[in-house]
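K.L.:
Here the sequence shown is numbered in this note's numbering, starting from 1075 and rising by one per residue. Cβ coordinates follow ideal geometry from the N, Cα and C atoms, glycine included. There's a structure below that I have some questions on.
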Amino acid sequence: MDRFWESKTLEELTIEEWESLCDGCAKCCLHKIEDVETGRVYYTNVACQLLDMDKCLCKDYANRSKFVNDCLQLTPKTVREYDWLPKSCAYRRLAEGRGLAWWHPLISGEKTTVPKICSGLYGKILPEKSVDLSHLEDMIVDWFEDG
């Protein structure tokens, strides 16, 4: 197995290699609220309108910015700036020099390990269309801060 992530910097990765690092946990697809005074970011249990909650994938990844104007693109630079990314995020882990987690498909060789983790969100997250976004602060959760 080519362990490209161990021999290349994030900036040296091809688009295909970069995309393969996404573990599909869908945590970055949850709405977040930032406290403007402290800078602390809080996760909510409200999913982006494009999240397919059964597959834990974006319904239209290639065109997501056309439908969700505040969808943020992860790049080697932004991964280092976005401290709201889950500690388990492969991009964050590599940027911090921690390597990939045992369950990541590139390590485990199985695509089923992450859906098991994602399925832990099943029943806990709500589709955006079912929530009054003006009351998003009522949807803050703290049940998945992980490493």
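What residue from Gly1098, Ile1107 and Asp1212 has the CA that sits closest to Asp1157's CA?
P.N.:
Ile1107
K.L.:
Under a Cβ-count criterion, where at least 16 other Cβ atoms within 10 Å of its own Cβ denotes burial, should Arg1167 be classed as buried or exposed?
P.N.:
buried
K.L.:
Considering only their Cβ atoms, is the gap separating Leu1180 from Ser1081 smaller than 8 Å?
P.N.:
no
K.L.:
Could you check the C-alpha separation between Phe1141 and Cys1102 for me, to the nearest Å?
P.N.:
16 Å
K.L.:
Give the secondary structure of Pro1201 by DSSP, where H, G and I count as helix, E and B as strand, and everything else as coil.
P.N.:
strand
K.L.:
How far does the beta strand (DSSP E) with Lys1106 in it reach, from first residue to last?
P.N.:
Leu1104 to Glu1108
K.L.:
On the DSSP bridge assignment, give the partners of Ile1214 in chain order.
P.N.:
According to DSSP, Ile1214 bridges with Thr1118.
K.L.:
Within a Cβ cutoff of 7 Å, which residues of the same chain sit near Asp1076, ignoring the five residues on either side of it in sequence?
P.N.:
none
K.L.:
Is the beta carbon of Gln1123 sitting closer than 8 Å to the one on Lys1198?
P.N.:
no
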